[in-house]
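See structure below.
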Amino acid sequence: MVQVITTQRAGAGRRGSGYRVNGDAVLTAAHVVSDAVSVRLRFLTEDGDTTELPGEQVWADSASDIAVLKIANNASTGGLCAAEISPVRFARIARPVDCEAVGFPRFKLRPDAASPDHGAPTWYRDSHHAHGRTTPLGNLRAGSLEISVYPPEYDPEPGRSPWEGMSGAAVWSGGCVIGVVVEHHRSDGLGRLAASQVKRWYRLTPTQVGRLNELIGLPARADRLTQLPPPSPPVTPERDDAPEVREAVRKLAREVDRQWCREEQRRRVHTPHPLAVRFRCTPTRTLFDHWENIRRAPPGTEPGPLPLDGRLDRIAEVYGSIPSRRLVVLGEAGSGKTILTLRFVLDWLSARAPGDRVPVIFGLGSWDPSTTSLDDWMCGQLVRDYPFLGSPSGHGGIVADVLLDEGRILPVLDGFDEIAGGLHGAALRVLSRTATPLLLTSRPAEYSRAVKKTRVLTDAAVMELEGLTVDDYAGYLHRASQPAAEGGPHSTVWGPVLAQLRERPGNPGAANVAEVLTTPLMVALARTVYSDSAGHDPSELLDTTKFASPEALQDHLLAAFLPAVYDPTPTGRGARHRPRRHPERAQRWLEYLAAHLDQLGTHNLAWWTLGTTMRRSSRMLVVGFLAALVFGLTTGLGNLPVDLVATPKGTRFAITRGLMVGLLHGLVVGLVFGLAYGFVSTSTPAEPSRVRIQIFGGSRERRAAFARRFMLGLGAGVPTALVLVLIDRGVIEPLGFDDGLNGGLVGAAQFPLEVGLGTGLVLGVMAWLEAPIDIKSEVSASDLLSTNRRNVGFHMLAWMLVIGLPSGFVYGLGAGPVRGLLAGLVFGVEAAFGGGLGYGLSFTAWGQWVALSRMWLPLTGRLPWAVISFLDDAHERGVLRQTGAVYQFRHARLQDHLAHVFQARHPAHRSSTPGKTDREPPFTATASWLGDTPQSVINGNLSEPTHGNGI
Numbered sequence: 001m002v003q004v005i006t007t008q009r010a011g012a013g014r015r016g017s018g019y020r021v022n023g024d025a026v027l028t029a030a031h032v033v034s035d036a037v038s039v040r041l042r043f044l045t046e047d048g049d050t051t052e053l054p055g056e057q058v059w060a061d062s063a064s065d066i067a068v069l070k071i072a073n074n075a076s077t078g079g080l081c082a083a084e085i086s087p088v089r090f091a092r093i094a095r096p097v098d099c100e101a102v103g104f105p106r107f108k109l110r111p112d113a114a115s116p117d118h119g120a121p122t123w124y125r126d127s128h129h130a131h132g133r134t135t136p137l138g139n140l141r142a143g144s145l146e147i148s149v150y151p152p153e154y155d156p157e158p159g160r161s162p163w164e165g166m167s168g169a170a171v172w173s174g175g176c177v178i179g180v181v182v183e184h185h186r187s188d189g190l191g192r193l194a195a196s197q198v199k200r201w202y203r204l205t206p207t208q209v210g211r212l213n214e215l216i217g218l219p220a221r222a223d224r225l226t227q228l229p230p231p232s233p234p235v236t237p238e239r240d241d242a243p244e245v246r247e248a249v250r251k252l253a254r255e256v257d258r259q260w261c262r263e264e265q266r267r268r269v270h271t272p273h274p275l276a277v278r279f280r281c282t283p284t285r286t287l288f289d290h291w292e293n294i295r296r297a298p299p300g301t302e303p304g305p306l307p308l309d310g311r312l313d314r315i316a317e318v319y320g321s322i323p324s325r326r327l328v329v330l331g332e333a334g335s336g337k338t339i340l341t342l343r344f345v346l347d348w349l350s351a352r353a354p355g356d357r358v359p360v361i362f363g364l365g366s367w368d369p370s371t372t373s374l375d376d377w378m379c380g381q382l383v384r385d386y387p388f389l390g391s392p393s394g395h396g397g398i399v400a401d402v403l404l405d406e407g408r409i410l411p412v413l414d415g416f417d418e419i420a421g422g423l424h425g426a427a428l429r430v431l432s433r434t435a436t437p438l439l440l441t442s443r444p445a446e447y448s449r450a451v452k453k454t455r456v457l458t459d460a461a462v463m464e465l466e467g468l469t470v471d472d473y474a475g476y477l478h479r480a481s482q483p484a485a486e487g488g489p490h491s492t493v494w495g496p497v498l499a500q501l502r503e504r505p506g507n508p509g510a511a512n513v514a515e516v517l518t519t520p521l522m523v524a525l526a527r528t529v530y531s532d533s534a535g536h537d538p539s540e541l542l543d544t545t546k547f548a549s550p551e552a553l554q555d556h557l558l559a560a561f562l563p564a565v566y567d568p569t570p571t572g573r574g575a576r577h578r579p580r581r582h583p584e585r586a587q588r589w590l591e592y593l594a595a596h597l598d599q600l601g602t603h604n605l606a607w608w609t610l611g612t613t614m615r616r617s618s619r620m621l622v623v624g625f626l627a628a629l630v631f632g633l634t635t636g637l638g639n640l641p642v643d644l645v646a647t648p649k650g651t652r653f654a655i656t657r658g659l660m661v662g663l664l665h666g667l668v669v670g671l672v673f674g675l676a677y678g679f680v681s682t683s684t685p686a687e688p689s690r691v692r693i694q695i696f697g698g699s700r701e702r703r704a705a706f707a708r709r710f711m712l713g714l715g716a717g718v719p720t721a722l723v724l725v726l727i728d729r730g731v732i733e734p735l736g737f738d739d740g741l742n743g744g745l746v747g748a749a750q751f752p753l754e755v756g757l758g759t760g761l762v763l764g765v766m767a768w769l770e771a772p773i774d775i776k777s778e779v780s781a782s783d784l785l786s787t788n789r790r791n792v793g794f795h796m797l798a799w800m801l802v803i804g805l806p807s808g809f810v811y812g813l814g815a816g817p818v819r820g821l822l823a824g825l826v827f828g829v830e831a832a833f834g835g836g837l838g839y840g841l842s843f844t845a846w847g848q849w850v851a852l853s854r855m856w857l858p859l860t861g862r863l864p865w866a867v868i869s870f871l872d873d874a875h876e877r878g879v880l881r882q883t884g885a886v887y888q889f890r891h892a893r894l895q896d897h898l899a900h901v902f903q904a905r906h907p908a909h910r911s912s913t914p915g916k917t918d919r920e921p922p923f924t925a926t927a928s929w930l931g932d933t934p935q936s937v938i939n940g941n942l943s944e945p946t947h948g949n950g951i
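Mapping of the sequence shown onto the numbering used here: position 856 corresponds to residue 856, and the numbering continues sequentially without gaps.
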């Protein structure tokens, strides 16, 4: 951005704005430099530095009110070399669009605190970034663009416009220049500006247009201007005979947009402004297909390459320019691949027309191409993250299948390099066999090896993410930091570091920092540690005695990240409602979670898998113990009123018999459910139920499910009841604790049958009542957890009614209604807690969650008691990100670092083969998990004591 300062022939000078369009040319408004005898160009960089150079007018036209100035000497323009200036693209607008402009209006006049001799202050104009909206239908007669912007709050001099000095500012939209600010009509109010629009420049003579083409790169013909918004492809009509599919597509688009908008806000991508992540077509010719295939060219033609260079805000546009709609994005760890996919999804959705594909991000790390087809795997991921897509469709199958089959999903496949080792080649072969439009991200090394083993991804272009430069992140770090108390208005804690990087790039410390900050991940970590937390000086990063290598710096930033985000000082809106967590405890819990994921070989943190890295025998003991405890207490307490009311043997007998029955019956039921859990958990953990309870309605599939569940319950209930009868008759009665209520031989034969039929009926009824989650329901980890908890509650209610009502009725026929009611209540409660809760603990994801994550892991110090609250809080703090119903660490590097620290604390623990869950991370006593820890370990320095506060 440029401030244009002129000296006029008559009177005082004039001030305006401009934009440097290439190495030696500045675009501005013609009236700013008319009658000027001299022109000074004041360049302002994003970190607040200014450089003033002479300029001269080389072209101007008063009718269109635009001018081009030549920089007399561009050897020093704020550190911005001509080669680093991206070419400007020009556009015309066809519909209303958002726009922006940066200039130096009068209302940004500020006193300079650094005035010499402490006398009257000098004044300067700061920059103003105006955001607004424009339409092609405004100011039609004048032919200018009418730009609606947020007006300045005050107008101290009604005789002058507060926008004076904004003239000449380039107006941008969609990464293109669409005009130049030239006028403010007071009658329009303070929120309207007028701009000379680019498409009107073609009313100039061909010679003038040709001159502008030479000076600023204006296309030679108007039809070569970029159209904004981009023209939409032909709309694919949606099927009239599938209303549930149309509703699912609309719902999915809304959910995806809402999900990633929230994620972008939590990551503060636009605060203070997005980093200038750049990409280019890969120079490695062996990594992408023939341009003829990529561009779908007719046989015999050679269309040539596509211009794939650009910045992050153009990714959707660049993807849309690829006829095959197949693109691979390569980048090193932390280079911005995930942010690029997020930006692509949001930009694509913002321009999406009805019938277009909905972009959905899939993390490829969980795909095994040797066992699961791509469509089946994507279908499972869709149902996991958006359960409403598991609803049945009118075409057979579920809605997710239909969306994939009919081409309604645009797969954004993130993390090709995260696929298990040895499977990259197989995955690339599968992807090459499809013609599905897609966007794939990967680290370069893994993708290159896969290409060498197989071939390039068919019809796919390949681009690479470039590293950040000092100029890319200097303004970002500067604007994200508090102004320093001394050193002028543009000084922050980053000032000395950035000066070193620019002035002494060969210095070892500066070279290390520059290498580390080439990735957006490390820039974001550095911002969190040093800009967002008071009292931390980034100058220490230049100290090679503390950080001898770039790797040491990376480890330091990763280690210092958690103490910074868990700073107990409340800051920000809503901070008083945020739980105050001890940084060291939070770090230990996150380390365990990272080790848990490392052992599972995944990046997806699902609540239903927590605790599954414990030994299976340990999990069986926990589940069996809880089932025994619940059933034993319920049975023992339930026998007390029965024996007190129905027998004359007194309180002592009732209490003793209740204890004995509770103990023995609890042992049997705990053994049964513990073994059952061990049997069903031999392979993968129990997945959460994506169904709800629906009282009315039915289908042939639900009737078939009723029959299967009924037979299962009958087969399990009869043997268990027989064992309980044998204990009562063979152990309790010989010890003298027969209450005379067992019913003799008839009761011994009747009880197993009643329990078996009741168990089968309960399971069958629940199968009948289950229905897929409503398509309008919300989707999150807590929503899915709540649904599963409610389902277990319905299970318990069903056990109580199905077992309790018949038992009370039958018993009441012989003993009277009061005793029948009491017996029904006792048997119902025992069935609810013994059968219903035992079933929930053993066979449902919610029961496993309660037993392991809500009880055992917090008791042993591995996790906090409020696990979901902790995960949500970590998500809000930017430590985790959420993808549908699962969480992931903000970046794989952070997960790897925390897992490494955990392994350093516990040398006996090492990552096992992914998928094996028969080992658990070792732990010490609870006190050691919650007590003090050497700060050198917290900060990632495992061998030396920390210096100062470790930051």
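For each residue, glycine too, the CB sits at the ideal point set by N, CA and C.
Thr-7: member of the beta strand (DSSP E) spanning 2-8, first to last residue. Distance from the CA of Glu-164 to the CA of Arg-125, rounded to the nearest whole angstrom, comes to 11 angstroms. By the Cβ neighbour-count rule, Pro-105 is buried, with 16 or more other Cβ atoms within 10 Å of its own. For Tyr-154, the number of other beta carbons within 10 angstroms of its own is below 16, and it is reported as exposed.
Within the DSSP secondary-structure output, Glu-183 pairs in a beta bridge with Ala-194. Nearest C-alpha to Ala-707 among Leu-633, Gly-331, Leu-542, Gly-760: Gly-760.
Leaving aside the five residues that flank Gly-632 on each side, the residues in its chain whose CB is nearer than 8 angstroms to its CB run, in chain order, Gly-662, Leu-663, His-665, Gly-666, Leu-667, Val-669, Gly-670. In the structure shown, Arg-429 adopts helical secondary structure according to DSSP, grouped into three states.
One alpha carbon belongs to Gly-13, the other to Asp-532, and they sit about 42 angstroms apart.
Arg-905: not part of any beta strand (DSSP E); member of the alpha helix (DSSP H) spanning 892-905, first to last residue. Here the C-alpha atom of Ser-432 lies approximately 21 angstroms from the C-alpha atom of Asp-401. If you ignore the 5 residues before and after Met-711, its C-beta comes within less than 8 angstroms of the C-beta of Gly-760, all in its own chain and listed in chain order.
A Cβ-Cβ distance of about 12 angstroms is found for the pair His-185 and Ala-195, leaving them out of contact under the 8 angstroms criterion. In the displayed model, Thr-28 falls within a strand according to three-state DSSP.
Distance from Leu-714 to Gly-756 at the Cβ level is roughly 5 angstroms; contact confirmed, criterion being Cβ atoms closer than 8 angstroms. Judged by DSSP secondary structure, Leu-597 falls outside any beta strand (DSSP E) and instead within the alpha helix (DSSP H) spanning 583-600.
Three or more beta-carbon pairs separated by less than 8 angstroms link the segment 595-609 to the segment 880-887, which places the two stretches in contact. Under the 10 Å beta carbon count, Trp-348 is surrounded by 16 or more other beta carbons and is classified as buried.
The straight-line gap separating the alpha-carbon atoms of Trp-865 and Asp-872 is approximately 13 angstroms. When DSSP assignments are scanned along the segment 368-431, the uninterrupted stretches of alpha helix (DSSP H) that are 4 or more residues long and fall wholly within it turn out to be 374-385, 399-405. Closest by C-alpha distance to Leu-465, out of Ala-25, Pro-96, Arg-311, Thr-286, is Arg-311.
For Asp-309, the CB contacts under 6 angstroms within the same chain, skipping 5 residues up- and downstream, are Arg-280 in chain order. A Cβ-Cβ contact shorter than 8 angstroms links Val-513 with Leu-501. If you look at Ser-853, you'll find it isn't in any beta strand (DSSP E); DSSP assigns it neither H nor E.
Taking the C-beta atoms as reference points, Ala-832 is found nearer than 8 angstroms to Trp-799.
Ranked by how close their Cα comes to the Cα of Met-463, the residues Leu-346, Thr-301, Pro-298, Asp-289 have Asp-289 in first place. For Leu-109, the enclosing beta strand (DSSP E) covers residues 109-111. As computed with DSSP, Gly-736 is found in no beta bridge at all. Cβ contact annotation for Tyr-202 (same chain, cutoff 8 angstroms, sequence separation greater than five): Val-209, Arg-221, Ala-222, in chain order. Pairing Gly-658 with Leu-640 gives a Cβ-Cβ distance under 8 angstroms. The segment 443-452 makes contact with the segment 331-345, as at least three CB pairs between them are under 8 angstroms. Between the segment 288-307 and the segment 408-425 there are fewer than three C-beta pairs closer than 8 angstroms, too few to call the two in contact. Taking the Cα positions, Leu-498 is about 39 angstroms away from Ser-869.
The DSSP-derived three-state label of Pro-520 is helix.
Counted as a single uninterrupted DSSP element, the alpha helix (DSSP H) harbouring Lys-453 occupies residues 444-453. Residues Trp-291, Pro-303 of the same chain have their beta carbon placed closer than 8 angstroms to that of Ala-297, with the five preceding and five following residues left out of the count.
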